[in-house]
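Asker: Quick note, the sequence shown lines up with residues 697 to 876 if you use the working numbering. Note that the Cβ used here is the ideal one computed from N, Cα and C, for glycine as well. Quick caveat: nothing in here was measured; it's all calculated off a predicted structure. Once you've had a glance at the structure underneath, I'll fire off some questions.
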Amino acid sequence: MKQITECQTIARPYAIAAFEFATIQDKINKWQHMLALSAEISRNTNITELLYGVLAPKILYKIFISLCGNNIEKEFKNFIRIMAENNRIQLLPVVLKIFKQLRLEYQQITYLEVITATPMNYEQLTVIKKILEERLVRKVKINLRINKFILAGIIIRMGNTVIDGSLRSRLRRLEEFLHS
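Structure follows, in structure tokens:
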């Protein structure tokens, strides 16, 4: 867990710089695409060996840029150069993840998972979406999942926050109360 937190701490300034530049240039989509491409390249097992090897930053940069081909812009090449000079190329997947989080925050969009025992119709989803958007004061995107084990009711997950209004949860609390 410490290593993940440490990677995020190191990657955050790069992600913030990339996002701020992309926002100023009105190229958020383009930068996310370039980050996704470079993150995928950095995950390649052959490339991973290079990233943790003894190559000089300039050589690593040239190899990495050649692998990206014509799919990246000059400014993004400079971004990769800086990351190579600081031995941070392997953090590109984390930079991408943070960049996406910054984008969602910037666009004020929250992704929620709604879990029910049975499928919901369009009107029900619209009502839930409207209520949550009013409460959260932001746009909401819902991923609906069916789980028959909750019996009835609804569970809403937003990041680490869970609102459990399922019948199964209520029965479990009642059982705990009766046993106490």
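#1: Could you give the uninterrupted runs of the beta strand (DSSP E) lying entirely in the stretch 808 to 847, keeping only those of 3 residues or more?
#2: So the candidates are A848, L787, L800, F775; which of them puts its Cα closest to the Cα of V810?
#3: Report yes if the C-beta distance between S734 and I706 is below 8 Å; otherwise report no.
#4: Look at the alpha carbon of C703 and the alpha carbon of A752, and state the distance between them as a whole number of angstroms.
#5: Assuming I737 contacts L763 (C-beta within less than 8 Å), just tell me the rounded distance between them.
#6: With respect to the alpha helix (DSSP H) encompassing I759, which residues constitute its N-terminal and C-terminal limits?
#7: Should V858 go down as buried or exposed, given a rule of 16 or more other Cβ atoms within 10 Å for buried?
#8: Whole angstroms are fine: how far does the CA of E872 sit from the CA of E781?
#9: Using only alpha-carbon positions, find the residue among L821, L863, N856, Q797 that is nearest to K844.
#10: If you draw a straight line from the C-alpha of F715 to the C-alpha of T814, how long is it?
#11: Measuring straight from C-alpha to C-alpha, what distance separates I842 and T806?
Answerer: On the basis of the supplied data:
#1: Those beta strand (DSSP E) runs which fall completely within the stretch 808 to 847 and span 3+ residues are 835 to 842.
#2: It is A848 whose Cα lies nearest to the Cα of V810.
#3: Cβ atoms of S734 and I706: not closer than 8 Å.
#4: Looking at the two C-alpha atoms, the distance is approximately 22 Å.
#5: Yes, I737 and L763 are in contact; Cβ-Cβ is about 5 Å, under 8 Å.
#6: Per DSSP, I759 is one residue of the alpha helix (DSSP H) stretching across 753 to 764.
#7: That one is exposed.
#8: Approximately 57 Å, taken between the alpha carbons.
#9: Looking from the CA of K844, the closest CA among L821, L863, N856, Q797 belongs to L863.
#10: Cα to Cα, F715 sits roughly 40 Å from T814.
#11: Pairing I842 with T806, the inter-Cα distance amounts to about 20 Å.
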